[in-house]
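Line by line, the protein sequences give chains A and B. Just so you know, the first sequence maps onto residues 0 to 271 in numbering that gives the first Met the number 0. Just so you know, the second sequence maps onto residues 0 to 378 in numbering that gives the first Met the number 0. C-beta: ideal position from N, C-alpha, C; glycine also. Inspection log for the structure reproduced underneath, given as structure tokens.
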Amino acid sequence: MAEPVLSTSGLTKAFGGLLALSDVSLTVRPGEALGIIGPNGAGKTTLFNVITGALLPTAGEVAFAGRTITGRPVHEIARLGIARTFQNIRLFREMTVIENVIVGRHSRGRTGFVGAILHLPGMRREERALRERARAYLDLMGLADHAERPAGSLTTGQQRLLEIARALASEPTVLLLDEPAAGLNTRETEALSALIRRLPVEHVRAVGLIEHDMRLVMDASDRVVVIDRGRKIAEGAPADVQRNPDVIAAYLGADFLAQATGRAANGEVRRS
Amino acid sequence: MNPTRAVALRAYRAASVLRPGRPGRTTDRRAGGAGTPPRNGGSLMTAPGQARRTKAVRIAGGVLLAAIVAVPIVTRSGYLAGTGSQIGINAIIAVALGLLMGYAGQVSLGHAAFYGLGAYSTAILTTRLDAPPLLAMLAGVLLTALVATLVGAPALRLHGHYLAMFTLGLGIIAQVIMEQVRSLTNGFDGIAGVPPFRLWIVSFQSDALSYGLIVAALAGTMIVARNLVHSRPGRALRALHESEEAAGACGVDVARAKLKVFVLSAVLASVAGSLYAHTIGFVSPDPFGFRFSVELVVMIVVGGSANVWGPVAGAALFTLLHQFLRDAGQRVEFLDNLDTVLFGAALVVVVVFWPKGLVSLRLPARLRLRARRAEEGGA
Chain A
0 MAEPVLSTSG LTKAFGGLLA LSDVSLTVRP GEALGIIGPN GAGKTTLFNV ITGALLPTAG
60 EVAFAGRTIT GRPVHEIARL GIARTFQNIR LFREMTVIEN VIVGRHSRGR TGFVGAILHL
120 PGMRREERAL RERARAYLDL MGLADHAERP AGSLTTGQQR LLEIARALAS EPTVLLLDEP
180 AAGLNTRETE ALSALIRRLP VEHVRAVGLI EHDMRLVMDA SDRVVVIDRG RKIAEGAPAD
240 VQRNPDVIAA YLGADFLAQA TGRAANGEVR RS
Chain B
0 MNPTRAVALR AYRAASVLRP GRPGRTTDRR AGGAGTPPRN GGSLMTAPGQ ARRTKAVRIA
60 GGVLLAAIVA VPIVTRSGYL AGTGSQIGIN AIIAVALGLL MGYAGQVSLG HAAFYGLGAY
120 STAILTTRLD APPLLAMLAG VLLTALVATL VGAPALRLHG HYLAMFTLGL GIIAQVIMEQ
180 VRSLTNGFDG IAGVPPFRLW IVSFQSDALS YGLIVAALAG TMIVARNLVH SRPGRALRAL
240 HESEEAAGAC GVDVARAKLK VFVLSAVLAS VAGSLYAHTI GFVSPDPFGF RFSVELVVMI
300 VVGGSANVWG PVAGAALFTL LHQFLRDAGQ RVEFLDNLDT VLFGAALVVV VVFWPKGLVS
360 LRLPARLRLR ARRAEEGGA
């Protein structure tokens with residue numbers, strides 16, 4: 000098996016007494032889309048936050064492309080090649096759609112304060128190149144017609160796509176998507192699913208996907224990891240995970256499961 | 000060509016560069032219609048102005064501006080040149096502070112300290128060491144950059160408005176030094192005899208030349224500000240203003256960007272201070288205190304920081320009001336401090352009705368909505 004692109008080992012994050020993450024170890028292999036599911040509040044977004052450097056772990060390590068990246072600042076990790084989208088859309092609403100994508104490509108530019116103030120010729124060339132590439136990503140997402148509109152004026156579905164375009168613009172190695180289908184209708188979700196399936200093939204080396212929409216996760220993921228109350232409770236192929244009783248219990252509660260199946264969590268047969 | 004026309008022409012050319020919606024600029028232009036109005040209190044610098052102006056109106060505006068700028072020179076009035084110079088100096092600092100407030104979304108409550116640093120550096124070095132003015136200005140700039148970095152680096156790493164507190168402290172420390180360290184600054188007596196600004200053999204001695212120099216410096220400052228908007232670092236700043244998290248995820252070094260814009264705004268204020276020293280010929284602690292720092296912030300809020308012209312408008316308004324009341328206050332006593340009251344009132348009115356500042360002037364949002372509804376109802 001090829002070396003994992005991204006891996007965490009023993010990742011723990013405590014907020015005072017609350018253990019948001021507890022000893023989470025997982026790997027993302029090259030060419031795969033890894034689904035990450037779990038009930039609300041399980042710690043999935045916290046996991047992304049720790050991986051991308053937005054939060055410092057209490058214990059554990061994050062390794063990316065063979066390097067330890069635990070504790071490095073957010074912008075450095077972004078430049079190394081991990082891009083992400085946000086659960087609660089964090090677009091630059093008052094900038095235009097294309098400007099959002101151009102900012103996504105920030106790490107590929109070089110013009111600094113001095114170059115900008117002096118308006119050096121190299122800067123103009125760079126601006127044009129940035130803009131062209133940004134437009135290509137907008138085309139990919141079907142947003143090219145809206146390039147000059149303020150990002151805040153897009154629909155939720157379009158905004159989610161724009162966030163993905165912005166994340167892709169930096170040509171990352173790993174793309175982490177945090178609930179990209181939230182707020183999308185069925186048709187939009189299907190289109191998103193097709194897009195996500197193409198990503199590890201055409202654009203990035205691997206994708207991490209947090210989602211609640213089970214159909215999307217099952218369609219688009221190669222493997223699935225289940226997090227509940229900060230711990231990894233299951234891992235494997237989507238179909239297997241779906242049938243795992245621990246997973247079902249986590250989502251629906253052990254009592255409900257017992258009622259539904261006639262058995263309690265410890266296997267005792269109960270009468271409903 | 001006589002010097003009057005030369006300066007007027009320079010001013011006109013400067014104005015044409017600065018007009019919003021300059022043709023030929025393809026980056027960041029919004030085609031088709033104004034965008035949704037900003038939600039926050041107008042403290043965001045946006046890309047080229049939202050109003051669509053016809054070429055004729057633009058030319059008319061440019062000519063009018065050039066005419067206004069040229070008035071003190073044409074009338075050969077020392078009084079007008081002096082007023083114009085003060086407006087120009089205040090405008091430079093206001094534009095500089097507007098960069099910080101509009102982009103990084105941070106407030107500096109001690110910008111007068113950098114203004115004073117530049118003024119005193121120039122005054123001390125030119126009167127005691129006979130330093131050439133340009134060198135003294137440069138020394139002021141370097142010293143200011145150092146102080147701004149020392150204050151800004153720790154403050155801007157933190158999330159929240161710590162810079163306001165740090166700069167508040169800095170402003171007070173600076174004020175105390177200016178007032179108490181007599182060996183250096185001569186305390187309240189101040190330092191007199193600052194020579195006019197000089198570039199090799201050209202001495203900006205007359206009121207007109209002094210004023211022209213300041214207009215040129217203001218134009219330069221505005222060009223710097225505008226160039227910054229339409230650039231990669233400018234975009235990064237606008238992005239971090241909206242979401243530091245997302246900007247960081249795009250690879251923007253947020254703390255460093257904020258620090259850079261803070262240092263830039265401090266350095267520009269220092270240059271303004273040096274120009275002040277050369278223009279007035281005398282520096283004392285009074286103009287560089289906490290009061291002026293607050294007045295600067297008010298200038299920007301009232302004028303608006305959505306584009307380069309806002310702080311200029313705010314500075315002009317403030318300076319004229321201040322001047323008028325000071326002159327009137329020589330006859331009627333209580334008018335002297337009325338400017339504080341009036342400016343405070345203006346601040347409240349502007350924040351309520353025109354959060355983007357006066358430069359975005361149209362009907363107040365509420366009245367505009369009513370007008371639009373009436374239109375739609377009738378159509």
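Length of the line joining the Cα atoms of residue i and residue j
i, j, result
"B/PHE113", "A/ARG222", "58 Å"
"B/LEU116", "B/GLN329", "30 Å"
"A/ALA193", "A/GLU187", "10 Å"
"B/ALA33", "A/SER152", "Low confidence applies here, because B/ALA33 scores a pLDDT of 33, under 50, leaving its location unreliable and the question unanswered by this model."
"A/GLY103", "A/ARG127", "15 Å"
"A/THR67", "A/PRO29", "17 Å"
"A/GLY15", "B/GLU243", "25 Å"
"A/LEU191", "A/ALA180", "7 Å"
"A/VAL173", "A/ARG204", "6 Å"
"B/THR26", "B/ILE86", "Because the pLDDT at B/THR26 is just 35, under 50, the model does not fix this residue reliably, and the point stays unresolved."
"A/ASN184", "A/LEU33", "23 Å"
"A/LYS231", "B/GLY247", "28 Å"
"B/PRO22", "A/GLY114", "With a pLDDT of 37 at B/PRO22, under the threshold of 50, the modelled position of that residue is not reliable, and the figure given next carries that caveat. Rounded to the nearest angstrom, the two C-alpha atoms are 22 Å apart."
"B/VAL349", "B/GLY356", "6 Å"
"A/GLY9", "A/THR51", "16 Å"
"A/LEU55", "A/LEU139", "34 Å"
"B/VAL347", "B/GLY302", "13 Å"
"A/ALA133", "A/ILE97", "6 Å"
"A/ARG214", "B/ALA344", "59 Å"
"B/GLU294", "A/LEU251", "60 Å"
Residues that residue i contacts on chain B, provided the C-beta gap is smaller than 7 Å
i, result
"A/THR51", "ALA248"
"A/ALA181", "The premise fails here: A/ALA181 is roughly 17 Å from chain B at the closest Cβ pair, so nothing lies under 7 Å."
"A/ILE101", "ARG234"
"A/VAL73", "GLY247 and ALA248"
Residue i, buried or exposed, once every other Cβ within 10 Å from all chains shown has been counted against 16
i, result
"A/LEU129", "buried"
"B/THR278", "buried"
"B/ALA245", "buried"
"B/VAL300", "buried"
"B/LEU179", "A quick correction: the sequence has Gln, not Leu, at residue 179 of chain B. Per the 10 Å Cβ criterion, exposed."
"A/ARG89", "buried"
"B/ILE67", "exposed"
"B/TRP353", "buried"
"B/THR184", "buried"
"B/TYR275", "buried"
"B/PHE165", "buried"
Closer than 7 Å at the beta carbon, the chain A residues around residue i
i, result
"B/ASN226", "ALA115, ILE116 and HIS118"
"B/SER230", "THR110, ALA115 and MET122"
"B/LYS355", "Residues of chain A passing the Cβ test: none, with the nearest at roughly 12 Å."
"B/LYS259", "PHE112"
Listed by chain order, chain B residues near residue i by CB distance under 8 Å
i, result
"A/ALA77", "GLY247, ALA248, CYS249 and GLY250"
"A/GLU170", "Under the 8 Å cutoff, chain B gives no residues; its nearest Cβ is about 11 Å from A/GLU170."
Beta-carbon proximity of residue i to residue j, cut-off 7 Å
i, j, result
"B/GLY151", "B/SER292", "no"
"B/ALA314", "B/ASN89", "yes"
"A/ARG83", "A/LEU18", "no"
"A/THR7", "A/LEU20", "no"
"B/ALA147", "B/VAL262", "yes"
"A/GLY70", "A/ILE226", "no"
"A/GLY59", "A/THR11", "yes"
"B/LEU162", "B/ALA154", "yes"
"A/ALA168", "A/VAL73", "no"
"B/SER107", "B/LEU142", "no"
"A/LEU5", "A/PHE47", "no"
"B/PHE196", "B/PRO131", "no"
"A/ASP239", "A/THR44", "no"
"B/SER304", "B/GLY101", "yes"
"B/ARG225", "B/VAL307", "yes"
Closer than 9 Å at the beta carbon, the chain B residues around residue i
i, result
"A/SER106", "CYS249, GLY250 and VAL251"
"A/MET140", "Per Cβ cutoff of 9 Å: no residues; A/MET140 is ~16 Å from chain B at best."
"A/PHE85", "SER242, GLU244, ALA245 and ALA248"
Interface partners of residue i on chain A, CB under 9 Å
i, result
"B/LEU155", "By Cβ distance, chain A contributes nothing, its closest Cβ being about 14 Å from B/LEU155, past 9 Å."
"B/ALA95", "What B/ALA95 touches in chain A: nothing, since even the nearest Cβ is about 13 Å away."
"B/ALA238", "PHE91, MET94, GLU98, ASN99, VAL102 and HIS105"
beta-carbon residue i near the ligand PLP non-hydrogen atom, thresh 6 Å
i, result
"B/THR318", "For the structure depicted, the ligand PLP is absent and the ligand set is empty, with no information on it obtainable."
Members of the segment 207–226 of chain B that neighbour chain A once the beta carbon cut-off is set at 8 Å:
Listed in sequence order: VAL223 and ASN226.
Cβ-based contacts, 8 Å cut-off: residues of the segment 262–279 of chain B near chain A
Here the close residues are LEU263.
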